[in-house]
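Asker:
Residue numbers (the numbering used here): 31 to 422.
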């Protein structure tokens with residue numbers, strides 16, 4: 031079976047999605063390394079798995095086909111030449127010149143999958159003299175599958191992570207996109223292996239407004255050079271006519287564009303109000319038949335841009351307009367909602383004031399809350415935990 035990828039909006043019926051169930055990589059977090067792995071606290075594995083399982087149960091109940099990262103990785107590791115290429119690339123990435131690649135190549139496939147996700151300590155490898163505790167670091171952020179790739183229109187962006195500690199996530203996703211039978215024949219608009227240089231782009235910064243318009247956040251995790259390059263590729267290979275480059279505040283509670291802004295229906299958006307206090311710096315790239323594309327810096331805020339693209343729309347403010355609640359619920363990803371179909375969203379249960387406003391607008395049954403006491407410790411919400419593969 032092959033999936034015909036298609037994502038032309040943020041709110042059309044979600045039909046297929048990629049997730050990762052948190053595993054033993056979570057138990058590699060300690061008070062001394064938690065910041066290095068981009069976490070603020072240490073999740074309890076049993077509980078975070080329980081919460082993630084409930085999230086997936088809700089997705090399936092909404093008719094979504096759910097694919098697990100681990101299963102797809104295991105599948106491609108059974109292909110001999112892919113297995114060898116991945117291992118050599120990973121050892122090169124982590125500068126593990128003391129490890130003989132053949133020893134990993136000969137591992138049982140399930141054991142190799144575990145190692146590539148949960149990492150390898152020096153004690154496990156019995157290399158006491160090595161200074162690094164982890165020869166191959168774990169991937170505790172992997173359950174935020176939104177960042178490791180993105181589908182735009184009918185093709186994929188194999189993202190390139192800003193932080194080295196997450197580089198292996200998007201690299202493995204690139205091999206899944208390239209070699210798994212599910213994805214054969216789908217075009218690749220950005221390849222994190224083939225593109226060299228100072229590129230950085232993460233899926234949380236990519237918002238598909240419609241089949242003609244894409245917004246990409248520029249901030250800590252995604253840079254200008256990559257946005258311009260991706261815009262050029264989209265103009266060459268898709269129906270996209272405009273790409274907006276939107277400045278994202280460089281703060282911990284505003285990691286990606288989707289942490290401050292999400293679209294949940296054709297005329298409803300959720301916005302963190304603090305980003306409205308300053309005029310965002312916005313650049314628009316427009317397709318040009320003669321020049322490929324033209325670039326224009328706009329003297330307008332992002333909501334003005336959205337009005338041009340969406341027409342009249344309703345704004346849901348994180349925290350329901352309460353400043354203190356907005357900051358608190360932004361910290362727990364109240365803005366990071368996931369639309370499973372127009373006007374039906376999944377949210378974290380802890381964001382009471384934001385959810386109350388959503389229910390008033392969408393209806394009681396159309397706001398589906400999920401438990402989040404452990405999932406939130408990695409600073410991501412329902413949208414962060416999914417990579418949509420097919421919508422519509």
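Think of the CB as a built atom: it goes at the ideal place given N, C-alpha and C, for glycine as much as any other residue.
Treat the numbers as computed from the prediction; the structure is a model and nothing was measured.
Go ahead and label residue 214 buried or exposed: buried means 16 or more other beta carbons lie within 10 angstroms of its beta carbon, across all protein chains shown.
Answerer: With fewer than 16 other Cβ atoms within 10 Å, it is exposed.
Asker: Rounded C-beta distance between residue 350 and residue 384? I'm assuming under 8 Å.
Answerer: Indeed they touch by this definition, with Cβ atoms about 6 Å apart.
Asker: Measure the Cβ-Cβ separation of residue 33 and residue 46 and say whether it is below 8 Å.
Answerer: Their beta carbons are under 8 Å apart, which means residue 33 touches residue 46 by this criterion.
Asker: Smallest Cα separation from residue 140: which of 114, 174 and 104?
Answerer: With distances taken between Cα atoms, residue 140 lies closest to 104.
Asker: Between residue 391 and residue 375, which are expected to be in contact by the criterion C-beta below 8 Å, what is the C-beta distance as a whole number of angstroms?
Answerer: 10 Å between Cβ atoms; not a contact.
Asker: Applying the criterion that 16 or more other CB atoms from any shown protein chain within 10 Å of the CB defines a buried residue, is residue 158 buried or exposed?
Answerer: Annotation note: pLDDT 38 at residue 158 (below 50); position unreliable, coordinate value reported separately. Per the 10 Å Cβ criterion, exposed.
Asker: Assign residue 226 to buried or exposed, taking buried as 16 or more other Cβ atoms, counted over all protein chains shown, within 10 Å of its Cβ.
Answerer: Result: exposed.
Asker: Comparing alpha-carbon positions, which option in 204, 194 and 199 lies nearest residue 188?
Answerer: If we check each option's Cα against that of residue 188, 204 comes out closest.
Asker: Pull up the distance between the alpha-carbon of residue 358 and that of residue 348, whole angstroms please.
Answerer: The straight-line gap from Cα to Cα measures roughly 9 Å.
Asker: The alpha helix (DSSP H) spanning residue 31 covers which residue range?
Answerer: From DSSP, residue 31 is part of no alpha helix (DSSP H); its letter is neither H nor E.
Asker: Would you kindly work out how many angstroms separate the C-alpha atoms of residue 57 and residue 69, rounded to a whole number?
Answerer: Distance between the alpha carbons of residue 57 and residue 69: 12 Å.
Asker: Can you tell me whether residue 417 is buried or exposed? The criterion is at least 16 other CB atoms within 10 Å of its CB, across all chains shown.
Answerer: Looking at its Cβ environment, which holds 16 or more other Cβ atoms inside 10 Å, residue 417 is buried.
Asker: Out of curiosity, what's the CA-to-CA distance linking residue 79 and residue 404?
Answerer: Near 9 Å, if we compare the C-alpha coordinates of residue 404 and residue 79.
Asker: So is residue 282 buried or exposed if we call it buried at 16+ other beta carbons inside 10 Å?
Answerer: Answer is exposed; the Cβ neighbour count stays below 16.
Asker: Using the Cβ count rule (16 or more neighbours within 10 Å means buried), how would you classify residue 354?
Answerer: Classification for residue 354: exposed.
Asker: Beta-carbon separation of residue 195 and residue 167 under 8 Å?
Answerer: It is a contact, given that the beta carbons lie within the stated cut-off.
Asker: Kindly indicate the opening and closing residues of the alpha helix (DSSP H) around residue 200.
Answerer: From DSSP, the alpha helix (DSSP H) with residue 200 extends over 197-209.
Asker: Distance, Cα to Cα, residue 160 vs residue 223?
Answerer: Note on residue 160: pLDDT 47, under 50, position unreliable in the model; the coordinate value appears next. Looking at the two C-alpha atoms, the distance is approximately 28 Å.
Asker: Does DSSP classify residue 133 as helix, strand or coil?
Answerer: Reduced to three states, the DSSP call for residue 133 is helix.
Asker: With distances taken Cα to Cα, identify the nearest neighbour of residue 336 among 252, 291 and 322.
Answerer: Among 252, 291 and 322, the Cα nearest to that of residue 336 belongs to 291.
Asker: May I ask you to report which of helix, strand or coil DSSP gives residue 237?
Answerer: If DSSP states are grouped into helix, strand and coil, residue 237 belongs with the strands.
Asker: Considering only DSSP beta bridges, list what residue 245 is partnered with.
Answerer: DSSP output for residue 245 lists 237 and 274 as bridge partner(s).
Asker: Between residue 198 and the rest of its own chain, which residues show a CB-CB distance below 7 Å, the 5 nearest in sequence each way excluded?
Answerer: Contacts found: 120, 123 and 169.
Asker: Taking the alpha carbon of residue 289 as the reference point, which residue from 263, 320, 362 and 321 has its own alpha carbon closest?
Answerer: Of 263, 320, 362 and 321, the residue nearest in Cα terms is 362.
Asker: Is it buried or exposed for residue 254, if we count other Cβ within 10 angstroms and need 16 for buried?
Answerer: Burial call: exposed.
Asker: Can you tell me which of the three DSSP states residue 88 falls into?
Answerer: The answer is helix: DSSP assigns residue 88 an H, G or I state.
Asker: Would you call residue 49 buried or exposed, if buried means 16 or more other Cβ atoms sit within 10 Å of its Cβ?
Answerer: Its Cβ being crowded by 16 or more others within 10 Å, residue 49 is buried.
Asker: To the nearest angstrom, how far is the alpha carbon of residue 192 from that of residue 228?
Answerer: Rounded to the nearest angstrom, the two C-alpha atoms are 10 Å apart.
Asker: Given that a residue counts as buried once 16 or more other Cβ atoms are within 10 Å of its Cβ, and exposed if not, what is residue 324?
Answerer: With fewer than 16 other Cβ atoms within 10 Å, it is exposed.
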